Amino acid sequence: MNYQQYPQPVGTCLKCHQLVYPPNFVAYPTGPVHSQCAQNSQIASAQRSSSIPIWAIAMGAMFMLGGGCLVLLSAAGNSAANAPPDIQVEAKDLYEVYRTNEVRADSLYKGKRVAVRGIAGDVQKTVFDDVYIEVRSGVGLDLNSLWCYAKSGQEKAFGEVRAGYPVRLSARIDGLTLGHIMGRDCVVMK
Numbered sequence: 005m006n007y008q009q010y011p012q013p014v015g016t017c018l019k020c021h022q023l024v025y026p027p028n029f030v031a032y033p034t035g036p037v038h039s040q041c042a043q044n045s046q047i048a049s050a051q052r053s054s055s056i057p058i059w060a061i062a063m064g065a066m067f068m069l070g071g072g073c074l075v076l077l078s079a080a081g082n083s084a085a086n087a088p089p090d091i092q093v094e095a096k097d098l099y100e101v102y103r104t105n106e107v108r109a110d111s112l113y114k115g116k117r118v119a120v121r122g123i124a125g126d127v128q129k130t131v132f133d134d135v136y137i138e139v140r141s142g143v144g145l146d147l148n149s150l151w152c153y154a155k156s157g158q159e160k161a162f163g164e165v166r167a168g169y170p171v172r173l174s175a176r177i178d179g180l181t182l183g184h185i186m187g188r189d190c191v192v193m194k
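Note that our numbering has the sequence shown beginning at 5, numbered continuously upward.
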């Protein structure tokens, strides 16, 4: 019997799971593959890589639509921030309403643009670089305060405010959080 004529298999094809005989195979680190299976595999992977999956197209479309919505919401928010205040109030009166009845205070002020006059406390930045001013009533210990977060572009005006001096701000009130009244989109008023 001539062993040259009938070579021993080198293993099982990783693709088609049939015995692989020399010389028609490709050696991979994980095992042998028929030459034809390797070619078909490369063609299939080339075809797969050239087409974009449907889910990727859908995600891209949702991202584009979502981005457009954010731009529209941002534009709407900017026009609201530039609008004149709905209510004018002294800081001590705002604190008193929130101290005595938070539900009533929210119905009066939450979501509305309010012009507040008080004493400027600390002017600081958060860890996210958001600028805010603590506005105090100037009465008693002032344990509670209004934290007014600057509207984009107001950083320079906030930097000119001096702690301990009277200040007048326009802000959209978000309600009470951890004992402090929160104001967003704040603008320093003259």
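Heads up, the beta-carbon is just placed ideally off N, CA and C, and yes, glycines get one too. Since we're looking at a predicted model, the values are computed, not measured.
- Taken in chain order, the unbroken stretches of beta strand (DSSP E) that lie wholly in the region 118 to 160 and span 3 residues or more are 135 to 140 and 150 to 154.
- CA-CA distance, residue 117 to residue 136, rounds to 17 Å.
- According to DSSP, residue 175 shares a beta bridge with 118.
- Take the alpha-carbon of residue 150 and the one of residue 89: they are about 16 Å apart.
- In this structure, residue 157 lies away from residue 141, with their beta-carbon atoms at least 7 Å apart.
- Only buried fits residue 155, as 16 or more other CB atoms lie within 10 angstroms of its CB.
- DSSP places residue 108 in the helix class (H, G or I) of the three-state scheme.
- If you look at residue 192, you'll find it in the beta strand (DSSP E) that goes 184 to 192.
- In this structure residue 124 is buried. Its beta-carbon is surrounded by 16 or more other beta-carbon atoms within 10 angstroms.
- In the DSSP assignment, residue 94 falls within the unbroken beta strand (DSSP E) covering 91 to 94.
- With a 10 Å radius around the Cβ and a threshold of 16 neighbouring Cβ atoms, residue 169 comes out exposed.
- Looking at the backbone, the Cα of residue 179 and that of residue 186 are separated by about 6 Å.
- For a cut-off of 8 Å, the C-beta gap from residue 120 to residue 162 is around 14 Å, too long to register as a contact.
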